[in-house]
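Residue numbers (the UniProt record's numbering): 1 to 578.
Here a beta-carbon is modelled for each residue, glycine too, at the ideal position from N, C-alpha and C.
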C-alpha cells in the first residue's frame, strides 16, 4: 500500500513516510492508492471484537506489516493500538446510546480530553513515537537523533487532544495555533495548562482559517520544513482519518447487537449524521462505506459556516459570507493563502465548525474526479494510473480556481455521484439552542428515580447533528426502518456558555457544575498556564498575513533553539555521569 498526493505527481510514499510528512510538497493531501475491501466473513468474524481488536482489523488493511515497506509488524501494531485506547474511560471507547425508537447517539468523547479527536490523536501520537524510536534505534552512537516538530491549527478540540497524545513524548515538540478568543474557556484551559516542556501554545489574533493558513504556509516553506522536520497533527494527516474509520464499524456492530440482529445474516439500515467543518470525521465514514460497510447514507451537518451544505445544493465549492450578499466580495481575509474570499468566518455557538474552507474535502473531490475519469475505460493498471494522473490534474486546477476566484465547480455527473452517498443540512445558532433544550427536556423514564437527572444533554456541535437528523425524519426524507446514528463529538462541559444559555432562557432545572462538569475539569480554569500571543500587524491584506507568518516562524525558531540546546546539555550530562 502506497500513498499519493491529491494534486498529482509521481511521488509514492510508504505509510510511515505519509504519517511523518503530513502535507505533500505540492500542497496536496496524501491518500491511499486504493481503498482495501473487507474480507469475505468480516461481519461474522468481527461482530464481537473489542474496539482495539476491531481497530487492528481495520487499520492493518492500510498498513503493511513489513518495516522495510514503511509498515508495522502485527504484534507491534496491536500493542500500539492497545496503548492508544487504554486511556479511555469507556471499555467500548465509543459507546452507542439509544435516544428514541430509531435515534441513536455514538458518544465519541470518552477519551482524555472529552472530544472525538482523542480517538485519532492518541493513535497518531503513538505512531509518531514508534516511528521515531525505530529510526533512532538504527542510528550510530554519534549520529544526531531524528526529531519531529508537530505543527497544527485548532478551532478547539484538536489542540487539546493533540497535546494529550504528544505531551512528554521523546524527540517530539508540538506547536498548536488557535484563534485567540474563539475557543471555549475549557478548551483553551485544556491546552494552555499543560506545562510539559515539549508543548507550545500560540494564541493567534485571527480566525481558525488564519491559523490553518499559517500552518500550510510553513509546511510549504521547504527550508523551514527541512530545518525543523515538520509533522502534521491536523486531519490533513491520513492517520487521523484512518483511526476514525474504526468507530463506524464499532457503531454498526453495537447497533446490530442492541437490535438482536446477526450482522452476518441481516444488515441494519443506518444513516450516519455527522457534525462537520473540516470534513475529516465524515470522510472516515465514506471510506468505511467504500471498504464495504453497509451505510445507507452519510449526512453532512454544518452550522452557519455552510460551504459544504452549499456544495451539495449547487455543486459549487464557494467561499461566501453566511450573512452577506454573494456580490459583496472582499480582499482575501488577512491575506489567506487560500485566496479570494467573500466575507469571512462567522463566529457561532459551535466554534469547532467555524471554517471557511474544509481541508479534508479535497480528498473527496479527488475521488469524484477519479471515479468520473474517462481513462478508467482503458481498464487494468494502465487505466487506473491514467485516471490517477487525470484526477490529480483536475484537483490542481480546482484548487487553483479556489485560490484565485474563491470558488470552483464540479460537473453534473460528479455532483450526482456525491449525492449518491451524502446529504447535507445547515443548522443555525437558534436551532442549536432549541435542540439542546429539546433533548434535555425529553421525558426519561429513568429520571423519575434520580433527582436532577437530565434526559440527555448535548454539546452545540452534537446539537447540529440532532437538529439535522430530526429535520430529515420530520420531512419524511428518511424511511421509518432507517436507524439514525448521530456522532456526538464532544462532552457538553466543554461548551458551558452555549449549554447554559440554551437552558437558562427556558428556566430549566439545571446546574452546570452539578449536572455536567466532570471531576477532571473542576478547577481547570484556575490552573497555571503557558501561552504565547502572535499578533497581526496593523493594516490589511497580504502584508499582514506575511508578517503574521513571520512572527510565528520566529517564535517557533526561538522555542526550538531553546529545546535543542537543553537536550544537548542533558545529553552531555548523561554522558559524563556514565
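{"Query": "Suppose only complete runs of 3+ residues qualify. What are the beta strand (DSSP E) ranges in the segment 254-331, listed by chain order?", "Result": "270-275, 297-302 and 316-318"}
{"Query": "Spatial neighbours of residue 409 within its chain, please: CB distance less than 6 Å, with the 5 preceding and 5 following residues excluded, ordered by chain position.", "Result": "315 and 316"}
{"Query": "Given this structure, state the Cα-to-Cα distance separating residue 67 from residue 73, to the nearest angstrom.", "Result": "7 Å"}
{"Query": "Along the chain, which unbroken stretches of the alpha helix (DSSP H) at least 4 residues long are found entirely within the segment 143-200?", "Result": "157-166 and 185-192"}
{"Query": "With residue 104 as the anchor, note down where its beta strand (DSSP E) starts and where it stops.", "Result": "103-107"}
{"Query": "Within the same chain, show all residues whose beta-carbon is closer than 6 Å to that of residue 445, passing over the 5 residues directly before and after it, in chain order.", "Result": "Its pLDDT being 44, under 50, residue 445 is placed unreliably in this model, and the value from its coordinates should be taken loosely. Result list for residue 445: empty, nothing under 6 Å."}
{"Query": "Return the chain-ordered ranges of every beta strand (DSSP E) run that is complete within the segment 220-256 and spans a minimum of 3 residues.", "Result": "230-232"}
{"Query": "At a cut of 8 Å, does the segment 227-246 reach the segment 111-126 through at least three beta carbon pairs?", "Result": "yes"}
{"Query": "Can you give, in chain order, each stretch of the alpha helix (DSSP H) that sits fully within the segment 496-565 and has at least 4 residues?", "Result": "496-504 and 512-515"}
{"Query": "For a quick check, are the C-beta atoms of residue 307 and residue 358 less than 8 Å apart?", "Result": "yes"}
{"Query": "Which ranges would you report for the beta strand (DSSP E) in the segment 398-440 if only whole runs of at least 3 residues count?", "Result": "407-409 and 422-426"}
{"Query": "By how many angstroms is the C-alpha of residue 563 removed from the C-alpha of residue 425?", "Result": "46 Å"}
{"Query": "Could you pull the start and end residues of the alpha helix (DSSP H) that residue 461 belongs to?", "Result": "460-474"}
{"Query": "Can you tell me where the alpha helix (DSSP H) holding residue 57 begins and where it ends?", "Result": "51-59"}
{"Query": "Is residue 176 close to chain B, meaning its C-beta is less than 8 Å from at least one C-beta of that chain?", "Result": "Judged by its chain identifiers, the structure shown contains no chain B, having just a single protein chain."}
{"Query": "Identify whether residue 447 lies in helix, strand or coil by the three-state DSSP scheme.", "Result": "Since pLDDT at residue 447 reaches only 42, below the 50 mark, its modelled position is unreliable, and the value read off the structure follows with that caveat. Here residue 447 sits in helix by DSSP."}
{"Query": "Span of the beta strand (DSSP E) holding residue 98?", "Result": "96-98"}
{"Query": "Using the three-state DSSP reduction, which class does residue 478 fall into: helix, strand or coil?", "Result": "coil"}
{"Query": "Suppose contacts are defined by Cβ-Cβ distances below 8 Å. Is residue 581 in contact with residue 155 by that definition?", "Result": "One cannot answer for residue 581 here, as it falls past the ends of the chain, which runs 1 to 578."}
{"Query": "For residue 254, is the classification buried or exposed, using 16 other Cβ atoms within 10 angstroms of its Cβ as the cut-off for buried?", "Result": "buried"}
{"Query": "Which residues in the same chain have their Cβ closer than 6 Å to the Cβ of residue 362, if we skip the five residues on either side of it in sequence?", "Result": "6 and 29"}
{"Query": "When you compare only the Cα positions, how much space is there between residue 11 and residue 397?", "Result": "19 Å"}
{"Query": "Give me whichever residues DSSP pairs with residue 4 in a beta bridge.", "Result": "31"}
{"Query": "In terms of residues, what are the limits of the beta strand (DSSP E) holding residue 357?", "Result": "Segment: none, residue 357 is in no beta strand (DSSP E) and carries neither H nor E."}
{"Query": "Starting from the C-beta of residue 485, find all residues in its chain whose C-beta is less than 8 Å away, skip the five residues before and the five after it, and write them out in chain order.", "Result": "96, 104, 105, 106, 251, 255, 270, 271, 272 and 273"}
{"Query": "Quick one: using the 10 Å Cβ neighbour count with 16 as the cut-off for buried, is residue 351 buried or exposed?", "Result": "buried"}
{"Query": "Among 188, 168, 53 and 140, which one has its Cα closest to the Cα of residue 113?", "Result": "188"}
{"Query": "With H, G and I counted as helix, E and B as strand and the rest as coil, what does DSSP make of residue 74?", "Result": "helix"}
{"Query": "Assuming contact is defined by CB atoms lying nearer than 8 Å, are residue 467 and residue 431 in contact in what I supplied?", "Result": "yes"}
{"Query": "Are the beta-carbon atoms of residue 190 and residue 153 separated by less than 8 Å?", "Result": "no"}
{"Query": "Ignore the nearest five residues each way along the sequence and tell me which others in residue 502's own chain have a CB closer than 7 Å to its CB.", "Result": "433, 436 and 437"}
{"Query": "Identify every residue that forms a DSSP beta bridge with residue 37.", "Result": "None; residue 37 has no bridge partner."}
{"Query": "Please report the residue range of the alpha helix (DSSP H) in which residue 133 lies.", "Result": "117-137"}
{"Query": "For a test of the three-state rule: what should DSSP assign to residue 86, helix, strand or coil?", "Result": "coil"}
{"Query": "Do residue 88 and residue 15 come within 8 Å of each other at the CB atom, strictly closer than that value?", "Result": "no"}
{"Query": "What's the gap between the Cα of residue 464 and the Cα of residue 275?", "Result": "6 Å"}
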